[in-house]
Structures are given as structure tokens and as C-alpha cells.
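Accompanying notes for the structure given below.
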Amino acid sequence: MSFLAVVLIILALVVGFVGGFFAARKYMETYLKNNPPISEEMVRSMMVSMGQSPSQKRLKQVMASMKSHTK
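When we follow UniProt numbering, the leftmost residue of the sequence shown carries the number 1, and every step to the right adds one.
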């Protein structure tokens, strides 16, 4: 095997790993944006279980706070 073939194989592996990493990262960002890990219903049930009566305004505040912390 020549030196050029070895270099090309290593280069192809590096490009594949880097490309795969960025593709997987973009896919996960899109997936989490479309399917957030926590929803308003989950926040509402947590607040009720803590003895609070959640208003729609308070739910929106909590969701906006969570969204700003994830960016």
C-alpha cells in the first residue's frame, strides 16, 4: 500500500467523523425543537402536585424562561 492511499483513507475517516458529528448535531437540534422534552401539560401537573394553582400567564412565563435558558 502506498503512502498516498494511507493518507487518503485517514483523510476520508476524519471527514466522515466530522461530517457525521455535525449532521447528528443538526438532527438532534431539529428534533428537540419540534419535540420539546417538557410541555405545558407537564409543567401544569408539576405545579399542581406542588400545591400551586397554575394560571396560563404563569405557565407561559415558566415556558419562556425554560426556552431562554436552552439557547
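For glycine and all other residues, C-beta sits at the position ideal for the given N, C-alpha and C. It should be emphasised that the depicted structure is a prediction, and the values quoted were computed from it without experimental measurement.
Exercise. Under a three-way DSSP split, which group does M66 fall into?
Worked result: helix
Exercise. Where K33 and L8 are concerned, what is the direct C-alpha to C-alpha distance, given to the nearest angstrom?
Worked result: 37 Å
Problem set entry | 7 Å Cβ cutoff met for P54 and R44 | yes
For this session: Would you mind giving the Cβ-Cβ distance between L59 and E40, rounded to the nearest angstrom? I have them listed as a contact below 8 Å.
Result: 5 Å
Exercise. Looking at the structure shown, is N35 part of a helix, part of a strand, or coil, going by DSSP?
Worked result: coil
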